[in-house]
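Top to bottom, those sequences are chains A and B.
Numbering of the first sequence is given in the numbering used here, commencing with residue 1 and proceeding in unit increments.
Numbering of the second sequence is given in the numbering used here, commencing with residue 1001 and proceeding in unit increments.
Note that CB positions come from ideal geometry on N, CA and C, so glycine has one too.
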Amino acid sequence: MSRMTRITRTIAASALLTVLAGTAPSGCDRLPGKPPPYPPPVVLASTPAGFQATWTDRCSGCHGADGALGAGLPMRNGEYLRAVPEDTMFSIIRDGIPSSRMPGFGGDAIGGLDDEVIRSFVQGMRSAWGDAGAKGVSQGIPWKVDAGDGDPTRGARLFAAKCASCHPSDEPADRAVDPDPDPLVAGSVTDPFYLRLVSDQHLHSNIVFGRADLGMPGATGPFRGPDGRTVEGTLDAGDVADLVAYLGAGRSSLPSGPEVKDGAP
Amino acid sequence: MKQEGNVRKSLDWVDDRTGLVSVAEHAMFHKVPRSAKWWYVFGSATLMFFMVQLVTGILLTTIYVPSAAEAYQSLIYIDQRIPMGWMIRALHGWSSNAMCVMMLIHMTQVFLHGTYKFPRELTWVAGVFLCLTTLGLAFTGQIMRWDANAYWGLGIGAAIVDRVPFAGNWLRSVVLGGPDISGATLSRFFALHVFILPGTLIGLIGVHLILVLKGGISEMPKVGQPIERETYREDYEKRVKKTGVPFFPDAARRDMVFCGAALIALIGIASWYGPIGPGPLPDPQSIEVAPRPDTLFLWLFAVLALLPPQTETFLILVGPPVAIALLAALPFLSPTGERAPSRRPLSVIILCIIVTALLVLTWLGIGSPWSPVMKAWTSIPTPVEYVRHRSPLELQGAIQLQYAQCRNCHSIGGEGGKRGPALDDVATRLSWDQLVRQIQQGGGNMPAYGKNLSSAETQALVAFLSTLDGGDLPATIPGAMEMQPGRDESPTVDPTAPLDEADASVASR
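This is how it looks when you write it as structure tokens:
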């Protein structure tokens, strides 16, 4: 091998190495192991990603993974979200609802969120689900319950006419025994244990806004009558107040379990 | 030719003054048995990973700040601001794991092949100390991250030391540099990790290698070729002289190929998974932490978590010294005899038990089913199929299950804590009354909730739980799955009764 060839080769190899060494870091910057930026960029809870993360972390346990089909009231309900004022929603989330099972997520709570975060979370929830669900379900009835001006007797008749078919007071047929249970029968809402656990506001919200995710209509209906046929007509604010008054009165009724019949407390 | 002559002359000059060249030449070209093949590469790979540790570790010490206030930030600085700094941390962290794994494989091979027997007893003993030093480096290394895991890991370590009779308190302040975890703690662990332990390790590696050269590389064990003190040395030397090959390049070639492959794998893992930690900062006020050690110590974590409380102090303080003493005494307990694994069934069984136990404990440590999932109650929804077709009372029970944080310890739908039993089929196992009793009075490991739940809350909870029949599984005990009969008989208005005049329009509205 001539001297010139050797020198040429050495130069070529050095150039190649230099190019590789120079480009390697830029390639390495895209390696999957590179740590994410720290501190992590602030994702506002008003953005879809930020809202979803906070929702999953703090709300999904009771209100459902996607804002519906959870055990608690669904928030994927545009009508409800538009009806509840932003400030009220903010204070419910920050301080919770006293003597209910809605805890506060801000203020003095352990790991509580800052007020700013909660405010942007409320905005995020509105922009995510503000248009979800059917419109006009609530018949324009205010979201907040009016305490103590309903007529329980009239409420009882309304209940019998429009609600009892799906909410009979006795136990629904045992699913294991009845292979084809009535899918609309959702169980008792006159159970005093149930009524003691929920506030008038809960009853009001459920009647007015329904639970579309579980097949329960809002104030617009349609309802099912005692004969199993559809009952035409909607509920107005007075009807809802009467229903709430009727149901609320059931809280003080004694549970009628076997132990009560036996005379035990 | 002339050049080679010059090199030789220079080497001879150095050798004449130091004697080092002939030592190196002996090490390189000494004869090793022909049968020493791929089984023999793990020790070299361990050494290679240690070299990586040394190089990356020295680079890291140039930037890392061993002060309680700045350690964490300096790691972030290395990760974020130093070009490829994260890669150095990744290589350091992963090669630490790799070094420990290789070392354990190497020890397993030595144990399985009975290599620790006469005349290589002290090589094994040096190896046991190497093993302890390496594990010490791995443990002190994770303290350097000064994150929540480091903090709580130290807390556990201090609690263990504290249990030593009489001297416990004093020992704890020696370990922590004071009564509490503080800046002094980090300083002394830094000294251990960067000076004392690596220095010890280098010394021990030297001793280990000298002993390997002195005793010679062992042959693959052969059935019917037991070790006898009187004849082994002579026979071994005769065989190696007759059939052996020089270490370099014949045997070293395999070492180099294996080490090269291991190094490439290390770089691959480091670039794929990135640096290990640092985790979140320690926050003594936060209860939502699940501190856990690095993978290597997960088995120990599991042991500590699962020991019955009465035996804890005794086993923690007596167990490790006894285990280490037994390990070091191994060559003196069984110095001669057969080396082939097929003739040493007891050793093979012991090895299998140890490996299985470590793997199972590590697996348990990964899952750590003894730790509640602190955020389950707000972040894991009730499975949709448990929400559909449930009565309003049962739905309130589902809310109660979340609100009372039952799911932090109990899973449903496969999600939630693993401390208590999964509740998906609880209705087939417990009757209504048993559910009420269990919730109110607790039992097993479960606290009593009787004082925390109203009767309505208990009722709702039990109503919901009694719907969880594991997807129509049959009852496993008499009385399970029977709803409480006639619970709700509150009076309702006869729906067929006519409405009074004033409300005549209600039904049709």
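For this session: Would you mind working out which of B/Pro-1278, B/Thr-1313 and B/Thr-1295 sits nearest B/Leu-1364, comparing C-alpha positions?
Result: B/Thr-1295
For this session: Give the secondary structure of A/Ile-110 by DSSP, where H, G and I count as helix, E and B as strand, and everything else as coil.
Result: coil
Problem set entry | Local Cβ density within 10 Å of B/Phe-1042, reported as buried at 16 or more and exposed below that | buried
Exercise. So, B/Pro-1392 versus A/Asp-213, is the Cβ gap smaller than 9 Å?
Worked result: no
For this session: Please list, in chain order, all residues of the same chain as B/Thr-1458 whose beta carbon is under 7 Å from its beta carbon, the five residues on each side excluded.
Result: Val-1436, Ile-1439 and Gln-1440
For this session: Anything in chain A within Cβ reach of B/Ile-1076, meaning under 7 Å, just list it in chain order.
Result: Tyr-38
For this session: Assign A/Ile-110 to buried or exposed, taking buried as 16 or more other Cβ atoms, counted over all protein chains shown, within 10 Å of its Cβ.
Result: exposed
Exercise. Would a C-beta distance cut-off of 9 Å place B/Leu-1122 and B/His-1092 closer than the cut-off?
Worked result: no
Problem set entry | Where A/Pro-32 meets chain B, residues with beta-carbon distance less than 9 Å | Ser-1271, Trp-1272, Tyr-1273 and Gly-1274
Exercise. On the three-pair Cβ rule with 8 Å, is the stretch 1352 to 1371 of chain B touching the stretch 153 to 161 of chain A?
Worked result: no
For this session: Could you check the C-alpha separation between B/Leu-1054 and B/Ala-1262 for me, to the nearest Å?
Result: 17 Å
Exercise. According to DSSP, which residues form a beta bridge with A/Phe-223?
Worked result: A/Val-231
Exercise. For B/Val-1223, is the classification buried or exposed, using 16 other Cβ atoms within 10 angstroms of its Cβ as the cut-off for buried?
Worked result: exposed
For this session: Would you identify the three-state DSSP class for B/Ile-1412, choosing helix, strand or coil?
Result: strand
For this session: For A/Ala-241, I'd like the list of residues in its chain whose CB is within less than 7 Å of its CB, leaving aside the five on either flank, ordered along the chain.
Result: Asp-146, Asp-149 and Gly-150
Exercise. Based on the DSSP secondary-structure assignment, which residues constitute the bridge partners of B/Lys-1031?
Worked result: B/Pro-1246
Exercise. Are three or more beta carbon pairs between the stretch 1129 to 1141 of chain B and the stretch 1162 to 1179 of chain B nearer than 8 Å?
Worked result: no
Exercise. In chain order, what residues of the same chain lie with their CB nearer than 6 Å to the CB of B/Phe-1464, ignoring the 5 residues before and after it?
Worked result: Glu-1394, Gly-1397 and Ala-1398
Exercise. So, does the CB of A/Ile-207 fall closer than 9 Å to a CB anywhere in chain B?
Worked result: no
Problem set entry | Of the residues B/Ser-1286, B/Ile-1082 and B/Gly-1268, the one placed nearest A/Leu-31, counting alpha carbons only | B/Gly-1268
For this session: Check whether the Cβ atoms of A/Gly-106 and A/Ile-93 lie closer than 9 Å to each other.
Result: yes
Exercise. Cβ of B/Lys-1214 less than 9 Å from any chain A Cβ?
Worked result: no
Exercise. In terms of alpha-carbon separation, which member of B/Glu-1025, B/Arg-1343, B/Val-1245 and B/Glu-1237 lies closest to B/Arg-1034?
Worked result: B/Val-1245
Problem set entry | Between the CA atoms of A/His-63 and A/Pro-74 - distance to the nearest angstrom | 6 Å
For this session: Check whether the Cβ of A/Arg-76 lies closer than 9 Å to any Cβ atom in chain B.
Result: no
Problem set entry | Neighbourhood of B/Met-1446 by C-beta, 8 Å cutoff - its chain only, sequence neighbours within 5 removed | Cys-1409, Gly-1420 and Gln-1438
Exercise. By how many angstroms is the C-alpha of A/Met-89 removed from the C-alpha of A/Gly-136?
Worked result: 20 Å
Problem set entry | Unbroken stretches of the alpha helix (DSSP H), 4 residues or longer, contained in the stretch 1248 to 1299 of chain B | 1252 to 1273
For this session: Would you kindly work out how many angstroms separate the C-alpha atoms of B/Leu-1176 and B/Leu-1306, rounded to a whole number?
Result: 26 Å
For this session: Give the range of the alpha helix (DSSP H) segment to which B/Pro-1331 is assigned.
Result: 1312 to 1333
Problem set entry | C-alpha distance - B/Tyr-1077 paired with B/Pro-1278, whole-angstrom precision | 12 Å
Exercise. What residues match up with B/Ala-1340 in a beta bridge as DSSP calls it?
Worked result: Its beta-bridge partners do not exist; DSSP assigns none.
Exercise. Looking at C-beta atoms only, is the number of pairs between the stretch 114 to 127 of chain A and the stretch 47 to 55 of chain A that lie closer than 8 Å three or more?
Worked result: yes
Exercise. So what does DSSP say about A/Arg-211, is it helix, strand or coil?
Worked result: strand
For this session: Going by DSSP, name the residue or residues bridged to B/Ser-1431.
Result: B/Ala-1480
Exercise. What does A/Asp-149 touch in chain B if you count any residue whose Cβ is under 9 Å from its own?
Worked result: Those do not exist, as A/Asp-149 stays about 17 Å from chain B at its closest Cβ, beyond 9 Å.
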